[in-house]
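**Q** Take this structure first; my questions come after.
Number of protein chains: 2
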Amino acid sequence: MEKKITPRSEDYSKWYNELVVQADLAENSAVRGCMVIKPYGYAIWEKMQAQLDKMFKATGHQNAYFPLFVPKSLFEAEEKNAEGFAKECAVVTHYRLQSDPDNPGKLRVDPNAKLEEELVVRPTSEAIIWSTYKGWIQSYRDLPILINQWANVVRWEMRTRLFLRTAEFLWQEGHTAHESKAEAIEETIQMTNVYANFVENFMAIPVIKGKKTPSERFAGAEETYCIEALMQDGKALQAGTSHFLGQNFAKAFDVKFTTKEGKQEYVWATSWGVSTRLMGALVMTHSDDFGLVLPPKLAPIQVVIVPIYKGTEQLEQIDKIALLLVEDLVKKGISVKYDNRDTMRPGAKFAQYELQGIPIRLAIGPKDLNESTVELARRDTLEKNIYPIKGIEEVIVSTLENIQFNLFQRSLDFRAKHTTKVDTFEEFKSTIEEKTGFVSAHWDGTEETEAEIKALTKATIRCIPLENQQEPGFCVFSGKPSNQRVLFAKAY
Amino acid sequence: MEKKITPRSEDYSKWYNELVVQADLAENSAVRGCMVIKPYGYAIWEKMQAQLDKMFKATGHQNAYFPLFVPKSLFEAEEKNAEGFAKECAVVTHYRLQSDPDNPGKLRVDPNAKLEEELVVRPTSEAIIWSTYKGWIQSYRDLPILINQWANVVRWEMRTRLFLRTAEFLWQEGHTAHESKAEAIEETIQMTNVYANFVENFMAIPVIKGKKTPSERFAGAEETYCIEALMQDGKALQAGTSHFLGQNFAKAFDVKFTTKEGKQEYVWATSWGVSTRLMGALVMTHSDDFGLVLPPKLAPIQVVIVPIYKGTEQLEQIDKIALLLVEDLVKKGISVKYDNRDTMRPGAKFAQYELQGIPIRLAIGPKDLNESTVELARRDTLEKNIYPIKGIEEVIVSTLENIQFNLFQRSLDFRAKHTTKVDTFEEFKSTIEEKTGFVSAHWDGTEETEAEIKALTKATIRCIPLENQQEPGFCVFSGKPSNQRVLFAKAY
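Line by line, the protein sequences give chains A and B.
Numbered by numbering that gives the first Met the number 0, the letters in the first sequence go through residues 0 to 491 in order.
Numbered by numbering that gives the first Met the number 0, the letters in the second sequence go through residues 0 to 491 in order.
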């Protein structure tokens, strides 16, 4: 039943893969590179979705739904975007199967059902959406359009990992249309802030907000804003991106509007997205060798109660206390599970709930019955304490808050310890290789330097932080003058 | 701005198409047969989703997510299911595009990126899910599995209509696994009841619960339960189906479990689904020549307030009253919009909200200011009444309830008037052709008779109602003995 997970120190990557499967989050499917998101993993994703959706609506966005398929001629209209995704496109070429005359009981693609124009399974929806917006936008009165879509997308990745990189993944993609450049940029920044707020305050993961260098931008964007997080193995993970698309898509799809002054102008665009990749970030930031650790705000079950008993009579006594407690906690909006199954021993239950990252585990045993107490175990610190059952609800509420806070603080401390200012390339290389984490270094601003550093160290520029101090210095690689440090790291 | 919709009496089909587009529910996309669900339409779908999801969870189901693609070899494993859907399958054959050497700036499918095995875009997910369940089920302890998935599916339809029949549509599909036939049948019936409850009590559409005849069953099912609704043009619409799949998929994917007695047995299955097709049913059941009519429980905006004024001073006075009212209504959980835009005349606003089916419209004008009154217009009956502003919240609450009730009752009356018992085939034909609606008639139980009736009249057996009176009679077509009536109709 309980297999041991490989410790992080032994093999971080293996630890991750085993944890995701054993904690019942997801598994590989029969389709190359596509995953099955299991009910427990999906329940966490649903909590993330619900919160994000609320935040999108609070900032004036509405949901809509656009087709899964993009006709090739639309897909290729914005050339940079098309070029950027062409190598990863799943393509539908036929619309019918038929009995295979050579293999009774088998099917084959019907050669007479070839599509006149191939359909790309959306890797992202700018093309199909902007071809639609063309019909919606005539005048400044039709702007802004503030739309979000929850959808599946497909990018044919050669090397996949559960949540972090899968051929099909779930995401949301915002696509907005504006009458001015300034307004579009403001939207791009607003959504970067929404993402940072969500990831920090709900996922308990500190992030650096920044801009991507031109070579790391989204294909078709004029500016890509991002939030970057640091995983426990010292590698960075891009947790969300928000793109200022300029007028590129408006030009590709000829989307103009009449301004208040009666002129015809191209519309300004943004797009922004986060995906099930965030699940990977959640796992890798907080979890430990015993399994998943979840921030209380995203835990499908926040509290589990396990009875420890001998015989029916004791169980009945514990049941009474536990069920009252469940009722009280539910009233406080806390999700709680009472696990009095008699088919599993308490120790096995403890291990299972540790593996699944339930923030608080309560145990009630014979001694507790006598003394009106309860044992509370925190998943984040693994500390156990005995509390009087009277007033335990308040302890639980404040402990949940404390766990949420502690997880964030712990990650913040980790990041602080793993962010290193370096001024020589030797130091750069050894830090990236040995200490790992973010390296803050001067860069001369050229793509050539960026590419050479990447080739030599596998580290990329994660971002130019938005709240960046301007300071004169010299590029860590070329020695050319620079006016600010940027953040390098190896990344997922 | 406001185009008139073709009246139902003139062309029901045209009325439907125009209404869906003009009320901003959906529109056709650049992809053949695929629709764009616009924000207003999507907001209604979200309300439907939220309620259904609640009902699924209340009956013990969890959500999960399975791949979009089904490898051909898995797809064809359950032969009847495969055969039933083969003609409608979009097939991915390649995973990469490349620059087209003959057309600079254009892309083409990379001939070197052909998949070894073609991937079917899921038309339904039994195959991929049961191939997954094989890994999840060993013993009776692993059962039941009660999973639902919210997803997009693709069925390559030749003749499409917004919501009613589209190549891609959104739906939920439940897939459950059980240790006994009885438990699986119970689940199938339970979900039929959940659907009926939702459609009747939230969509305000009365339905007949029944079983399909063998020829109308889902491909691969042993029994298909359905709920059938009647549209205003006298045609039936299948609003949801729940399938008892027997052990067909377990056998196709070799999914066995160890029983409590230690024997190896095949697992029993069900699947059940409703889709964005319900949006079509919602439109066609309640709406009128002025536009959409929405049941309050599914209306994204339940109450709209429109000020009627001359000059800023009057507007300011009305603003004060309206904003207080908005606050009170929000407290009562009512969704309300105050539309004091000065860019549109009240008459145009009235027309727009009629078109969009907002259940209650309040108007506050100069006379109301003097007399502390407000005009309340009901969308369902188009009645207007003046009420004192004091106490209007209670009037609104009860009017919303009354509209919900009235819409259901009106449809129920319509259905009663359009359900006809017939005992001769002459009567059958003339009823189907002229009076339309459900025809209740004896049937000899043979596929031949069913097929001949369909060929002659286009009417199909919609269902054998679950709560059916057993009565001896003679088949309306063949004259052979029969022990119950079944429901015939032309259908969407």
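All C-beta atoms, glycine included, are put in the ideal place defined by N, C-alpha and C.
Since we're looking at a predicted model, the values are computed, not measured.
Could you tell me whether the stretch 182–189 of chain B touches the stretch 108–126 of chain B, where touching means 3 or more Cβ pairs closer than 8 Å?
**A** no
**Q** In the DSSP assignment, what are the bridge partners of A/Q469?
**A** For A/Q469, the beta-bridge partners assigned by DSSP are A/Q483.
**Q** Mind listing the chain B neighbours of A/H93? Cutoff is C-beta to C-beta under 7 Å, in chain order.
**A** Here the neighbours are V90 and T92.
**Q** Going by C-alpha distance, which of A/I391, A/R484, A/E447 and A/Y194 is nearest A/F55?
**A** A/Y194
**Q** Can you tell me where the alpha helix (DSSP H) holding A/L323 begins and where it ends?
**A** G310 to K330
**Q** Output needed for A/L145: all residues of its chain with C-beta closer than 6 Å, excluding positions within five of it in sequence on either side, in chain order.
**A** G59, H60 and T175
**Q** The beta strand (DSSP E) that contains B/R360, what's its start and end?
**A** I359 to I363
**Q** Is the beta carbon of B/A280 sitting closer than 9 Å to the one on B/I357?
**A** no
**Q** How long is the line joining the alpha carbons of A/P294 and B/S397, rounded to whole angstroms?
**A** Distance from the CA of A/P294 to the CA of B/S397, rounded to the nearest whole angstrom, comes to 42 Å.
**Q** So within the stretch 78–120 of chain A, which uninterrupted beta strand (DSSP E) runs reach at least 3 residues, ignoring any that extend past its ends?
**A** 90–93, 96–98, 106–108 and 113–120
**Q** Please name the residue or residues paired with A/T257 in a DSSP beta bridge.
**A** According to DSSP, A/T257 bridges with A/S138 and A/Q263.
**Q** With a CB to CB cut of under 7 Å and the five nearest residues on each side skipped, what residues in its chain are close to A/S138?
**A** F256 and T257
**Q** Near A/M0, what residues of its chain come up, given a Cβ to Cβ distance below 6 Å and the 5 sequence neighbours on each side ignored?
**A** Residue placement at A/M0 is poorly supported in this model, since its pLDDT is 45, which falls under 50; the coordinates still yield a value, given next. Around A/M0: no qualifying Cβ.
**Q** Name, in chain order, the residues that DSSP records as bridge partners for A/V404.
**A** Looking at the sequence itself, residue 404 of chain A is Phe, so the reference to Val does not match. Note: A/F404 sits in no beta bridge, so no partner.
**Q** Identify every residue that forms a DSSP beta bridge with A/F68.
**A** A/V120
**Q** So which residues of chain A does B/P70 contact, with C-beta pairs closer than 9 Å?
**A** A29, V30 and R31
**Q** Going by beta carbon distance, what residues of the same chain come within less than 6 Å of A/A251, once the five residues before and after it are set aside?
**A** A76 and E77
**Q** Determine the DSSP secondary structure at A/V292, reduced to helix, strand or coil.
**A** coil
**Q** In its own chain, which residues sit with a C-beta less than 6 Å from the C-beta of A/V335, not counting the 5 before and 5 after it?
**A** Only residues of its own chain outside the window of five on either side were considered, and among them V302, V325 and L328 have a CB closer than 6 Å to the CB of A/V335, listed in chain order.
**Q** Secondary structure at A/D287, three-state DSSP: helix, strand or coil?
**A** Note: A/D287 maps to strand in three-state DSSP.
**Q** Report the neighbours of A/Q97 on chain B: residues whose CB is nearer than 7 Å to its CB, in chain order.
**A** A85
**Q** Span of the beta strand (DSSP E) holding B/A228?
**A** Counting along the chain, the unbroken beta strand (DSSP E) around B/A228 starts and ends at E222 to L229.
**Q** Report back the beta-carbon spacing between B/G436 and B/L169 to the nearest angstrom; my notes put them in contact at under 8 Å.
**A** Contact doesn't hold; Cβ gap of about 29 Å is too wide.
**Q** With distances taken from CA atoms, which of A/H285, A/K133 and A/P66 is nearest A/L411?
**A** A/H285
**Q** Quick one: what's got a C-beta closer than 7 Å to B/Y11's C-beta in the same chain, skipping five residues either side?
**A** Within its own chain, the residues whose Cβ lies closer than 7 Å to the Cβ of B/Y11, once the five positions on either side in sequence are excluded, are D232, listed in chain order.
**Q** Taking a Cβ distance cut-off of 7 Å, strictly less, list which residues of the stretch 172–203 of chain B are near chain A, in chain order.
**A** none
**Q** For B/K37 versus B/A25, is the C-beta spacing smaller than 9 Å?
**A** yes
**Q** Does the beta carbon of A/Y41 come closer than 9 Å to any beta carbon on chain B?
**A** yes
**Q** Rounded to whole angstroms, what's the CA-CA distance from A/Q97 to B/E116? Just pull it up for me.
**A** 15 Å
**Q** Kindly give me the distance between the Cβ atoms of B/A238 and B/L277, rounded to whole angstroms, as I take these residues to be in contact under 8 Å.
**A** 6 Å
**Q** So, with DSSP's three-state summary, where would you put A/E445?
**A** Contrary to the premise, residue 445 of chain A reads as Thr rather than Glu in this sequence. It is coil, neither helix nor strand.
**Q** Ordered along the chain, which non-local residues of its own chain (more than five positions away) have a Cβ less than 8 Å from that of B/Q469?
**A** N482 and Q483
**Q** Just the Cα atoms here: how many angstroms apart are A/K262 and A/S179?
**A** In a straight line, the C-alpha of A/K262 is about 13 Å away from that of A/S179.
**Q** Under 8 Å between beta-carbons, which chain A residues line up against B/I431? List them in chain order, please.
**A** Chain A residues near B/I431: none, gap ~32 Å exceeds 8 Å.
**Q** So with Cβ pairs under 9 Å, would you call B/Q21 a contact of chain A?
**A** no
**Q** Which residues in chain B sit within 7 Å of A/Y337, going by Cβ to Cβ distance?
**A** Within chain B, no residue comes near A/Y337; the closest Cβ sits about 16 Å away, beyond 7 Å.
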